[in-house]
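Inspection log for the structure reproduced underneath, given as structure tokens.
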DNA sequence: CGATAATCGGGATCGTCATCCCGGTTAAAA
DNA sequence: TTTTAACCGGGATGACGATCCCGATTATCG
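Protein chains in written order, with the working numbering: chain A, -5 to 172; chain B, -5 to 172.
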């Protein structure tokens, strides 16, 4: 791939991620191209459909999150790492929700794509959950399904004070004091 | 207003609420009209813009929820009523989220409209929270802002097992055993 | 029952947006 | 430096959907 093509592709991806997060998914491709400083044709060539742009943005973000998860797992104890990842998912989540929904609605299997790209955030969260439970930092009766539900719920939250939400949910996850 | 007009208006409102909940907000007005058994002109006349249809559906639902909240408050102790309303908000929430977002994005003040129509769910939730805290059923350090955040987060959750989410969040809301 | 005015249905209209295409441009290789 | 093939910009195209309009219908009132 030519160097300028690579540059443009990344520029479009970056711009699209930002615009989607701020203004929502219904922003016209024309506007994304304009703000990225390229023509609409360039966007279309790199991402033949708008949906493929959604997928690229989401996979890119999942890649970053996976890296963050690996760093956490390496540098901290399981409980700390687990709650830190959970908090980060919520923090960054608002902008991903719409993307995930749009893709799911179009029959695109995000989990599979992420897995294939080695960016399976879900898998890393599962591992950290188990580790945190083994270390006594999380209630052992919490299942991964519960956690996915909670994560999805928190991911969806888009209002003020996201930290308070995480705090309350985390209190619910810690082992019962009795 | 003529009797048939009234009937049609309600039929459209009911149908729209159901379709929005199941298929999302991007369903064409044409489809809503078809499923409601009327013409597109009829929909347009009762709800001049699609946005006004959104608002009508949301206000209608808030009216029902307000009624439910009042029933709960009258028939049960504060703690029970509070947790029941919270659970109900989450259960019914998924279909409201998109509506609220779409309207907020268009500069429509839902809270004000609901308040004017006597359907202020938010206000009823605040009252129940205070009552539940006075009764010792909810942690007194939880603020209404926290609760709005949690409610919004849970409202947004749209996956499997919503009850588990509510359970965990409620565990976080109850008073600390110490 | 007859008059009348509001309501109805659904086709016509208009704007928006994703996608495709083509003539000009430029990076990369020899 | 010259060649060449890929890439670029942005206008053309076509589909879709919200909204408006008009002739037909029907509820309501005297």
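Where a beta carbon is used, it is the ideal one built from N, C-alpha and C, also for glycine.
Because the structure is a prediction, the values reported are computed rather than measured.
{"Query": "Distance between residue 38 of chain A and residue 44 of chain A (C-alpha atoms, nearest Å)", "Result": "8 Å"}
{"Query": "C-alpha distance - residue 61 of chain A paired with residue 47 of chain B, whole-angstrom precision", "Result": "44 Å"}
{"Query": "Residue from B/97, B/54, B/80 with nearest C-alpha to residue 63 of chain B", "Result": "B/80"}
{"Query": "Rounded C-alpha distance that separates residue 101 of chain B from residue 32 of chain A", "Result": "31 Å"}
{"Query": "Whole alpha helix (DSSP H) elements within the region 64 to 116 of chain A, 4-residue minimum", "Result": "72 to 99, 104 to 110"}
{"Query": "Per-residue contacts from residue 169 of chain A into chain B (C-beta, under 8 Å)", "Result": "Within 8 Å Cβ-Cβ: nothing; residue 169 of chain A doesn't reach chain B, min ~11 Å."}
{"Query": "Short CB-CB distance (under 8 Å) between residue 23 of chain B and chain A", "Result": "no"}
{"Query": "Touch test, the region 97 to 113 of chain A against the region 66 to 73 of chain A, Cβ-Cβ under 8 Å, three pairs minimum", "Result": "no"}
{"Query": "Cβ-Cβ separation, residue 93 of chain A to residue 192 of chain A (assumed contact under 8 Å), whole Å", "Result": "Nothing can be reported for residue 192 of chain A, as the shown portion of chain A is limited to -5 through 172."}
{"Query": "Interface residues of chain A facing residue 81 of chain B [CB-CB closer than 7 Å]", "Result": "What residue 81 of chain B touches in chain A: nothing, since even the nearest Cβ is about 13 Å away."}
{"Query": "Length of the line joining the Cα atoms of residue 11 of chain B and residue 23 of chain B", "Result": "12 Å"}
{"Query": "Classification of residue 118 of chain B by the beta-carbon crowding that lies within 10 angstroms, buried from 16 upward", "Result": "buried"}
{"Query": "Exposure of residue 112 of chain A, with buried meaning 16 or more beta-carbon neighbours within 10 Å", "Result": "exposed"}
{"Query": "8 Å contact criterion, which residue 178 of chain B and residue 133 of chain B should meet: CB distance rounded", "Result": "Outside the shown range of chain B, which is -5 to 172, sits residue 178 of chain B, and nothing can be said about it."}
{"Query": "Buried versus exposed call for residue 127 of chain A [16 or more other C-beta atoms within 10 Å across all chains shown]", "Result": "buried"}
{"Query": "Contact residues within the region 39 to 54 of chain B, judged by C-beta distance below 7 Å to chain A", "Result": "none"}
{"Query": "Residue span of the alpha helix (DSSP H) that contains residue 174 of chain A, given as start and end", "Result": "This structure cannot speak to residue 174 of chain A, because chain A is shown only from -5 to 172."}
{"Query": "Contact set between residue 186 of chain B and chain A, taken where Cβ atoms lie within less than 9 Å", "Result": "Residue 186 of chain B cannot be examined here, being either before or after the span of chain B that is shown, -5 to 172."}
{"Query": "Pair within 8 Å by beta-carbon distance, residue 173 of chain A and residue 159 of chain B", "Result": "Beyond the ends of chain A as shown, which are -5 and 172, falls residue 173 of chain A; an answer cannot be given."}
{"Query": "Residues near residue 115 of chain A in its chain [Cβ-Cβ closer than 8 Å; skip 5 each side]", "Result": "56, 59, 60, 63, 83, 108"}
{"Query": "Rounded straight-line distance, which links the Cα of residue 164 of chain B to that of residue 136 of chain A", "Result": "14 Å"}
{"Query": "Proximity below 8 Å, CB of residue 7 of chain A to CB of residue 54 of chain A", "Result": "yes"}
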